[in-house]
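*Asks:* Before we start, here is the structure in question, set down as structure tokens.
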Amino acid sequence: MKIYYKIDDFLDVRSKLNSKKIILVPTMGSIHEGHISLINKARSYADIVIVTIFINPIQFNSSIDYDSYPRSIEEDKKTLEKNGVDILFCPSSTEVYPEKFQTSVKVRLFSEVLEGKFRKGHMEGVATIVTKLFNLVRPDFAIFGEKDFQQLLLIKSFVEDLNIPVKIISGETIRDNEGLALSSRNEKLTNDEKIQAMQIIKSLNLGVETLRSGEKESDNIIKKIRDYLADYNLIQIEYVSIRDVNNFEKVNKIDEDIVILISVFIGKIRLIDNLIYRKKNG
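Given below as structure tokens:
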């Protein structure tokens, strides 16, 4: 595995790969099995797998959150090499955002609802860094996890709007044995908090079961989820929402493929999750 820290060095090696199919796996480090599943899937699409590690400061709405984000670069390098990554690109913040940097990418719908509403500037920060990575790496494919579902649709949206020549691939959410979606933030949970965090997927499954039983009103399904989680004293719900799985519009009466999205605080730790329901699968 080759490792590059400077943009110029990376661009030099990238210029020699024009005959190869390339797939990009963007990460913020703290590599876990969710990332590994994306890397494994990525290999089937391209000749060269490029992973980036960059903790993007402009997608955090709190400097405390940014400073406390888990960092394990040396361990990450070993894990990525062991899993067959060809190139690791991990530039510094000053490389990516030099002193006079003033450009941002904003996609209106995604910047104004759910993650965009509750984390001011987050979606804009994601769109900006991913656009910049696409320009630098020039991949044929890029892969993102469904766990960050709003982010996935945001990226698909601006890729289409801006005619960026990259095919977006999605990877399913990877969960631990108790159903908790894998996240770098999970390691911050206490034992008691983790026990309650396991209820998130149970609440989403309850929502889907309620839908399958014949309930079509989104508000009633959301109430079921909220009522279920109300029994757990460490969980503070930030939002529960039901959205169209393709265009992310809010759904009031369900007659299409949907995604149920949730954000909660467990103690001081913020966790997001979602569950997709497709009519053809019942």
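If you read the sequence shown in my numbering, its first letter stands for residue 97, the second for the next number, and so on. Even for Gly, the Cβ is constructed at its ideal location relative to N, Cα and C. Keep in mind the model is a prediction, meaning the values are calculated, not measured.
Under DSSP, the alpha helix (DSSP H) around Asp-143 begins and ends at which residues?
*Replies:* Unbroken run through Asp-143: none, as it is neither H nor E.
*Asks:* In three-state DSSP terms, what is Ile-151?
*Replies:* Three-state DSSP puts Ile-151 in coil, outside helix and strand.
*Asks:* Give, in chain order, every unbroken run of the beta strand (DSSP E) that is at least 3 residues long and sits entirely within the stretch 245-283.
*Replies:* The stretch 245-283 contains these whole beta strand (DSSP E) runs: 263-267.
*Asks:* Just tell me which of Ser-140, Leu-176, Asp-108 has its CA closest to the CA of Thr-123.
*Replies:* With distances taken between Cα atoms, Thr-123 lies closest to Leu-176.
*Asks:* If we count the other Cβ atoms within 10 Å of its Cβ and call it buried at 16 or more, is Thr-224 buried or exposed?
*Replies:* Classification of Thr-224: buried, given that the 10 Å Cβ count is 16 or more.
*Asks:* Just to confirm my understanding: we take Leu-307, look at its own chain, exclude 5 residues before and 5 after, and list those with CB closer than 7 angstroms. What are they?
*Replies:* The residues are Ile-317, Ile-350, Tyr-373.
*Asks:* Here's a check: name, in chain order, each residue in its chain whose Cβ is nearer than 8 angstroms to the Cβ of Leu-113, leaving out the five neighbours to either side.
*Replies:* Excluding sequence neighbours, Leu-113 sits near Ile-144.
*Asks:* For Gly-212, which residues of its own chain have a beta-carbon under 7 angstroms away from its beta-carbon, when the five flanking residues on both sides are left out?
*Replies:* For Gly-212, where only same-chain residues beyond five positions count, the Cβ hits under 7 angstroms are Phe-206, His-218, Met-219.
*Asks:* Within 10 angstroms of its Cβ, does Asp-182 collect 16 or more other Cβ (buried), or is it exposed?
*Replies:* So Asp-182 ends up on the buried side.
*Asks:* Between Asn-136, Thr-148, Asp-369, which lies nearest to Arg-271 when the distance is taken from Cα to Cα?
*Replies:* Out of Asn-136, Thr-148, Asp-369, Asp-369 has the C-alpha closest to the C-alpha of Arg-271.
*Asks:* Since Ile-265 and Phe-230 are thought to touch, with beta carbons under 8 angstroms apart, how far apart are those beta carbons, to the nearest angstrom?
*Replies:* Their Cβ separation, rounded to whole angstroms, is 14 angstroms, which puts Ile-265 and Phe-230 out of contact at 8 angstroms.
*Asks:* Which residues share a DSSP beta bridge with Tyr-373?
*Replies:* Beta-bridge pairing links Tyr-373 to Ile-354.
*Asks:* Using three-state DSSP, classify Phe-197 as helix, strand or coil.
*Replies:* Residue state, collapsed to three classes: coil.
*Asks:* Let me confirm a value: Ala-326 is counted as buried when at least 16 other C-beta atoms fall within 10 Å, else exposed. Which label applies?
*Replies:* Ala-326 should be labelled exposed.
*Asks:* Name, in chain order, the residues that DSSP records as bridge partners for Arg-366.
*Replies:* The partner list for Arg-366 (beta bridge, DSSP) reads Phe-361.
*Asks:* Can at least three beta-carbon pairs, one atom from the stretch 182-195 and one from the stretch 147-162, be found at a separation below 8 angstroms?
*Replies:* Contact holds: three or more Cβ-Cβ distances are below 8 angstroms.
*Asks:* For the stretch 98-106 and the stretch 129-145, state whether three or more C-beta atom pairs, one from each stretch, are separated by less than 8 angstroms.
*Replies:* Result no; under three Cβ-Cβ pairs closer than 8 angstroms.
*Asks:* Just to confirm, is the Cβ distance from Val-336 to Ile-358 under 8 angstroms?
*Replies:* Yes, Cβ-Cβ distance for Val-336 and Ile-358 is below 8 angstroms.
*Asks:* For the stretch 167-231, which segments carrying the beta strand (DSSP E) assignment without a break, of at least 3 residues, lie completely within its bounds, in sequence order?
*Replies:* The qualifying runs are 183-185.
*Asks:* DSSP on Lys-137, reduced to helix/strand/coil?
*Replies:* Helix at Lys-137.
*Asks:* Just the C-alpha distance for Ser-314 and Arg-281, rounded to the nearest angstrom, thanks.
*Replies:* Taking the straight line from one Cα to the other gives about 29 angstroms.
*Asks:* Would you say Lys-243 and Ala-293 are within 8 angstroms of each other, going by their C-beta atoms?
*Replies:* Taking 8 angstroms as the Cβ cut-off, Lys-243 and Ala-293 do not qualify as a contacting pair.
*Asks:* On a Cα-Cα basis, can you pick out the residue from Glu-208, Ser-253, Arg-215, Gln-246 that is closest to Thr-227?
*Replies:* Among Glu-208, Ser-253, Arg-215, Gln-246, the Cα nearest to that of Thr-227 is on Ser-253.
*Asks:* Is Val-304 helix, strand or coil by DSSP?
*Replies:* Helix at Val-304.
*Asks:* So, using beta-carbon positions, are Gly-310 and Ile-321 closer together than 8 angstroms?
*Replies:* No.
*Asks:* Can you grab the Cα-Cα spacing for the pair Gly-267 / Tyr-328, in whole Å?
*Replies:* Answer to the nearest angstrom: the Cα atoms are 30 angstroms apart.
*Asks:* Quick one: what's Asp-340 bridged to in DSSP?
*Replies:* Per DSSP, Ile-354.
*Asks:* Leaving out five residues before and five after Ser-168 in sequence, what residues of the same chain have Cβ atoms less than 7 angstroms from its Cβ?
*Replies:* Result list for Ser-168: Gly-125, Ser-126, in chain order.
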